[in-house]
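Colleague:
Residue numbers (the working numbering), protein chains in the order written: chain A, 151 to 264; chain B, 2 to 120.
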């Protein structure tokens, strides 16, 4: 199993551009998450999904959109990139409801908006 | 609302000394608690978890954590620190009571504590 795979690893965007951060997992996990990590700020939850077709906002959803058409994929969309979205983005997954198992993380995407 | 607090931005320890990284939590139901470690330019890696049972849980790399329900704490400990333990440590909680209030059992992380172990 590859686990959680994120692409790209690095990206530089200009202000106003859009992009999609890809996340896929091959563990058949129902729960998937997107976090952003800013220096000294820890991990902030952007969006999460409890299954295909179901998504919900986290702590910092503004400026982002997600979709979950399949169990495997959970892409994060930035429509109008802003410097405040410069961050490291992590995708994670956990098994079904009531999961007492740990979350599995991707390697992260380092995004810079200039 | 569920939350996790890590009161120390950084912890400095001499190699060979015991270390403690603190974590407190707030949830509406029973907590599932986790510790993760992040090495430079890497994703988070699972260290240990508390679900139920013994309040002292043991995990990877010689780490352990003590669950204290009355103090709502879940501090990470290691009897003898190594320089290679230097990393960023995150505490996380899944609130298993969230569904009762119409929500989902999200996984919430603390802000992280940087551990520096000096030779």
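Cβ atoms here follow ideal geometry from the backbone N, Cα and C, with glycine treated the same way.
#1: Please go through the same chain and pick out, in chain order, the residues whose beta-carbon is closer than 7 angstroms to the beta-carbon of residue 52 of chain B, but skip the five residues on each side of it.
#2: Taking its Cβ as the centre, do 16 or more other Cβ atoms sit within 10 Å of residue 256 of chain A, making it buried, or is it exposed?
#3: Quick one: grab the DSSP three-state call for residue 3 of chain B.
#4: Determine the chain B residues that contact residue 191 of chain A at a beta-carbon separation under 9 angstroms, and present them in chain order.
#5: Report yes or no: is there a C-beta of chain B within less than 7 angstroms of the C-beta of residue 114 of chain A?
#6: Whose Cβ in chain B lies nearer than 9 angstroms to the Cβ of residue 259 of chain A?
#7: Just grab the DSSP bridge partners of residue 228 of chain A for me.
#8: What are the boundary residues of the beta strand (DSSP E) that residue 109 of chain B is part of?
#9: Could you give the DSSP three-state label for residue 201 of chain A: helix, strand or coil?
#10: For residue 234 of chain A, count neighbouring Cβ atoms within 10 angstroms of its own Cβ and tell me buried if that reaches 16, exposed if not.
#11: In chain order, what are the residue ranges of uninterrupted beta strand (DSSP E) at least 3 long that sit wholly in the region 12-80 of chain B?
#12: Does DSSP classify residue 250 of chain A as helix, strand or coil?
Modeller: On the basis of the coordinates in this document:
#1: 33
#2: buried
#3: coil
#4: 112, 113
#5: For chain A, the structure presents residues 151 to 264; residue 114 of chain A sits outside this window and is missing.
#6: Here the premise fails: no neighbours, minimum Cβ distance about 11 angstroms.
#7: A/169, A/214
#8: 108-110
#9: strand
#10: exposed
#11: 20-22, 25-27, 32-39, 45-51, 57-59, 65-69, 74-79
#12: coil
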